[in-house]
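Residue numbers (the working numbering): 7 to 170.
Virtual Cβ for every residue (Gly too), placed ideally from N, Cα, C.
These numbers come from a predicted model, not from an experiment.
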Amino acid sequence: MGVDLVVERAGVAKTSLYRHFGTKDDLIAAFLEREDEQFWRQWDNVAQHHCSDAQAELDAHMQWIGERVGRKNYRGCPQLNMAAEFPEAEHPARVVAVSHLQELRRRFKGIADRLEVRRPDDLAAQLLLLVNGAFVSSHVLTVDEAVPVLLAASRALVAAASSH
C-alpha cells in the first residue's frame with residue numbers, strides 16, 4: 007500500500023502523516039507495534055485465567071489462535087508478513103517482527119517449563135513452528151479446522167516432550 011493510499015484512507019494530509027511518522031518505514035513499524043500490543047493483550051488475558059494449569063493455558067491459546075487463523079479474510083500474522091517483506095535485519099518493521107516472534111517463543115518456553123517436559127526449549131521451538139505454520143496456512147484453514155488441528159498438534163508435541 008502506497009503512502010498516497012494511506013493518506014486517502016486516513017483522511018489526512020501527507021504533511022500530517024509525516025509529522026507523526028518520519029518515514030513510511032516508521033509508519034509500518036508503528037502498525038506492527040500496535041498489532042503486537044493487541045496480540046499480547048489477548049495472550050495475557052487468556053494466561054491470567056489459567057495460571058495454575060499450564061496445559062489448560064496452552065489449550066486456550068491454541069483455541070484463540072485457531073479462531074484468529076480461521077477468521078474470514080484473515081491475511082496471516084502481520085509480523086511474519088513484514089519479516090518476509092523486509093529481509094534487512096535493521097529494517098524497523100523487521101526489528102518489531104523478530105522481537106514479537108522471540109517473545110512468542112519465550113512465552114511458549116514458560117509454558118513448557120511449567121509442564122515440566124524434558125527439553126522445554128525444544129518444545130517452545132516446536133510450538134512456535136506450529137503456530138507460525140498455522141498463521142501462514144490461514145488461507146487454507148477454516149476455523150472448524152484450525153482449532154482442532156492446533157489443539158491436537160500441540161497436545162501431541164507435549165506428549166512427545168513428556169515421554170521418557
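For the segment 92 to 156, the full-length alpha helix (DSSP H) segments reaching 4 residues or more read 98 to 121 and 126 to 142 along the chain. Contact annotation, Leu110 with Leu134: C-beta distance approximately 6 angstroms; criterion of less than 8 angstroms satisfied. Taking each of Gly76, Lys30 and Cys83 in turn and checking the Cα distance to Gln44, the smallest one comes out for Cys83. Secondary structure at Lys78: coil, using DSSP grouped into helix, strand and coil.
A straight line joining the alpha-carbon of Ala90 with that of Asn138 spans about 13 angstroms. A residue is called buried once 16 or more other Cβ atoms fall within 10 Å of its Cβ, and Ala99 is buried on that count. According to the DSSP assignment, Asp42 belongs to the alpha helix (DSSP H) that extends over Lys30 to Gln54. If you check the CB distance, Leu156 and Val75 come in under 9 angstroms.
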